[in-house]
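*Asks:* Next up is a structure, given as structure tokens.
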Amino acid sequence: MKVLCSGLNVVDLLVSTPKDLKVGHKNECDQILMQGGAPAGNAACGMASLGHDTYFLGYVGDNPLSIVAKSELTNYNVKDDFLIYKKEASPAIAIVQIDDQGERTVLYSIKDYVPFNPVDLDEDAVKDFDLFLVDGYDTTINIHLLEIAKRHGIKTVLDMESADMDIMKTMLSLSTDPILPLECAQNLSGEKEAANCLKVISKMTNGQIVITDGSNGSYALENEIVIHQPAFKVDVVDTTGCGDSFHAAYASALLQGLDLRNRMIYGSFFASQVAQHFGGRTFFPDRTFMEVNCPIQVEH
């Protein structure tokens with residue numbers, strides 16, 4: 544099945560931050576690692592690892608960050624047919640500080656990032672795809688993709704963290720499967736609890752909403768009943784990319800025809816495996832690993 548992922552293209556520099564960090568001095572770190580990053584890029588790598596024919600849409604230019612970003616995608620077997628050369632384009636860059644509890648602090652710059660222009664996309668080239676996964680950052684092209692998907696009956700997974708309120712509502716209304724972190728859901732709904740957020744936001748879209756809340760798990764509304772999928776308990780090394788991994792595995796489960804509860808289990812379990820490694824792309828389970836180890840509920 545063919546998947547197109549579109550969104551902010553980022554290169555991450557991951558740093559294990561010492562407990563006794565001395566500001567203004569040199570500090571030795573256990574690990575410093577360079578990887579590709581950002582929601583759609585990480586999700587593309589995760590979906591490719593799960594065996595899907597996965598493509599990433601974006602620009603690359605004449606600079607070291609473009610070389611790293613492209614190689615990071617292709618190393619995970621993400622196809623580069625929709626990576627378009629634009630001399631002045633550059634991925635964004637982020638410094639991800641990870642503490643000894645696996646929690647992260649992100650510093651980033653999008654100074655030289657060039658948003659993707661819809662005129663550079665041929666609708667005929669993507670109209671037969673099975674799923675689009677888009678983020679809430681590169682919004683002009685991603686709204687365009689959601690509109691294409693609606694015209695052609697393509698499933699869409701939306702990974703939206705924050706944006707202008709009208710843009711968020713537009714993207715939400717167009718997506719078949721919007722997945723929102725709790726903070727975004729709170730901003731959209733004006734509610735605090737996940738269950739109340741779901742009830743308000745469900746009136747804004749016909750899509751299947753899922754709300755994620757880190758170590759507290761994920762929530763969805765099915766037949767007016769709130770479903771809660773707890774996060775799997777593991778020894779967390781780094782939470783970088785865990786949300787992106789949830790989206791990737793949820794999208795894979797959607798393409799595999801799993802029901803809502805099992806999509807949430809599949810996403811949560813996949814993310815828990817990623818969390819046990821330093822870096823959001825260091826380890827992705829493949830389909831065989833998931834089939835053997837993921838405890839999805841089989842209907843009898």
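The C-terminal residue of the sequence shown carries number 843 in this note's numbering, and the numbering is unbroken. Glycine included, each C-beta is placed from N, C-alpha and C at the ideal position.
When DSSP labels each residue in this structure, what does residue 777 get in the three-state scheme?
*Replies:* Indexing the sequence shown from 1 puts residue 777 at position 234. DSSP places residue 777 in coil when its eight states are reduced to three.
*Asks:* Can you tell me where the alpha helix (DSSP H) with residue 793 in it begins and where it stops?
*Replies:* In the sequence shown, counting from the first residue as 1, residue 793 sits at position 250. For residue 793, the enclosing alpha helix (DSSP H) covers residues 785-798.
*Asks:* Around the Cβ of residue 548, are there at least 16 other Cβ atoms within 10 angstroms (buried) or fewer (exposed)?
*Replies:* Along the sequence shown, read from residue 1 onward, the residue named residue 548 stands at position 5. That one is buried.
*Asks:* Which residues in the same chain have their Cβ closer than 7 Å to the Cβ of residue 777, if we skip the five residues on either side of it in sequence?
*Replies:* Residue mapping note: residue 777 aligns to position 234 of the sequence shown, counting from 1. Taken in chain order, the residues that qualify are 815, 818, 819.
*Asks:* To the nearest angstrom, how far is the alpha carbon of residue 552 from that of residue 641?
*Replies:* The count along the sequence shown starts at 1 and reaches residue 552 at position 9. The count along the sequence shown starts at 1 and reaches residue 641 at position 98. Taking the straight line from one Cα to the other gives about 21 Å.
*Asks:* Nearest-angstrom Cα distance between residue 613 and residue 591?
*Replies:* Stepping through the sequence shown from its first residue, residue 613 is reached at position 70. Stepping through the sequence shown from its first residue, residue 591 is reached at position 48. Taking the straight line from one Cα to the other gives about 15 Å.
*Asks:* Assuming residue 579 and residue 605 are in contact, meaning their beta carbons sit under 8 Å apart, how far apart are those beta carbons, in whole angstroms?
*Replies:* Position 36 of the sequence shown, counted from the first residue, corresponds to residue 579. Position 62 of the sequence shown, counted from the first residue, corresponds to residue 605. In fact, because the Cβ distance is near 18 Å, the residues do not count as touching under 8 Å.
*Asks:* With distances taken Cα to Cα, identify the nearest neighbour of residue 823 among 619, 563, 710.
*Replies:* Counted from its first residue, the sequence shown places residue 823 at position 280. Closest by alpha carbon: 619.
*Asks:* So who's on the other strand from residue 647, going by DSSP bridges?
*Replies:* The residue given as residue 647 occupies position 104 in the sequence shown. Residue 647 is bridged to 641.
*Asks:* How many angstroms separate the CA atom of residue 825 from the CA atom of residue 584?
*Replies:* If you number the sequence shown from 1, residue 825 lands on position 282. If you number the sequence shown from 1, residue 584 lands on position 41. For residue 825 and residue 584, the distance between alpha carbons rounds to 13 Å.
*Asks:* Spatial neighbours of residue 738 within its chain, please: CB distance less than 6 Å, with the 5 preceding and 5 following residues excluded, ordered by chain position.
*Replies:* Counted from its first residue, the sequence shown places residue 738 at position 195. So the list reads 769, once near-sequence residues are dropped.
*Asks:* Please report the straight-line C-alpha distance between residue 836 and residue 713, rounded to a whole angstrom.
*Replies:* Stepping through the sequence shown from its first residue, residue 836 is reached at position 293. Stepping through the sequence shown from its first residue, residue 713 is reached at position 170. Their Cα atoms are separated by approximately 38 Å.
*Asks:* Thinking C-alpha only, which one of 763, 557, 600 is nearest residue 661?
*Replies:* Start at 1 with the first residue of the sequence shown, and residue 661 comes out as number 118. Comparing Cα-Cα distances from residue 661 to each of 763, 557, 600, the minimum goes to 600.
*Asks:* For the beta strand (DSSP E) that contains residue 671, what are its first and last residues?
*Replies:* Numbered from 1 along the sequence shown, position 128 holds the residue referred to as residue 671. Segment: none, residue 671 is in no beta strand (DSSP E) and carries neither H nor E.
*Asks:* My output table needs one value for residue 548: the three-state DSSP class, helix, strand or coil.
*Replies:* The residue labelled residue 548 in the question sits at position 5 within the sequence shown. If DSSP states are grouped into helix, strand and coil, residue 548 belongs with the strands.
*Asks:* So who's on the other strand from residue 755, going by DSSP bridges?
*Replies:* The residue you call residue 755 lines up with position 212 of the sequence shown. Residue 755 pairs with 724, 761.
*Asks:* So, helix, strand or coil for residue 628, using DSSP?
*Replies:* Walking along the sequence shown from the start, residue 628 turns up at place 85. Strand.
*Asks:* Residue 800: buried (16+ other C-beta within 10 angstroms of its C-beta) or exposed?
*Replies:* Reading the sequence shown from its first residue, position 257 is the one you call residue 800. Exposed is the call here.
*Asks:* Should the segment 739-746 be regarded as contacting the segment 778-798, the criterion being three or more beta carbon pairs within less than 8 Å?
*Replies:* no
*Asks:* Taking only runs of the alpha helix (DSSP H) that begin and end inside the segment 582-625, which ones reach a length of at least 4 residues, in chain order?
*Replies:* 582-592, 607-618
*Asks:* Measure the alpha-carbon distance for residue 695 versus residue 650 and round it to whole angstroms.
*Replies:* On the sequence shown, position 152 is the one that residue 695 refers to. On the sequence shown, position 107 is the one that residue 650 refers to. Distance between the alpha carbons of residue 695 and residue 650: 38 Å.
*Asks:* State the start and end residues of the unbroken alpha helix (DSSP H) segment that holds residue 693.
*Replies:* As a first step, residue 693 must be located in the sequence shown, where it is residue number 150. Note, residue 693: alpha helix (DSSP H), 682-695.
*Asks:* Is it buried or exposed, residue 575, if we count other Cβ atoms within 10 angstroms and call 16 or more buried?
*Replies:* In the sequence shown, the residue the question calls residue 575 occupies position 32. Exposed, because fewer than 16 other Cβ atoms sit within 10 Å of the Cβ of residue 575.
*Asks:* Would you please state the rounded distance, in angstroms, between the beta carbons of residue 546 and residue 602? I believe it to be under 8 Å.
*Replies:* On the sequence shown, residue 546 is found 3 positions in, with the first residue counted as 1. On the sequence shown, residue 602 is found 59 positions in, with the first residue counted as 1. The pair is not a contact, with the Cβ atoms about 19 Å apart (cut-off 8 Å).
*Asks:* Taking C-alpha atoms, which residue in 568, 659, 621, 685 lies nearest to residue 711?
*Replies:* For the purposes of this step, residue 711 is identified with residue 168 of the sequence shown, where counting begins at 1. Per the Cα distances, 685.
*Asks:* Kindly indicate which residue of 723, 557, 647, 667 has the alpha-carbon position closest to the one of residue 678.
*Replies:* Along the sequence shown, read from residue 1 onward, the residue named residue 678 stands at position 135. The option with the nearest alpha carbon to residue 678 is 723.
*Asks:* According to DSSP, is residue 831 helix, strand or coil?
*Replies:* In the sequence shown, counting from the first residue as 1, residue 831 sits at position 288. Residue 831: helix per DSSP, three-state reduction.
*Asks:* Between the segment 717-737 and the segment 749-764, are three or more C-beta pairs nearer than 8 Å?
*Replies:* A contact exists between the segment 717-737 and the segment 749-764.
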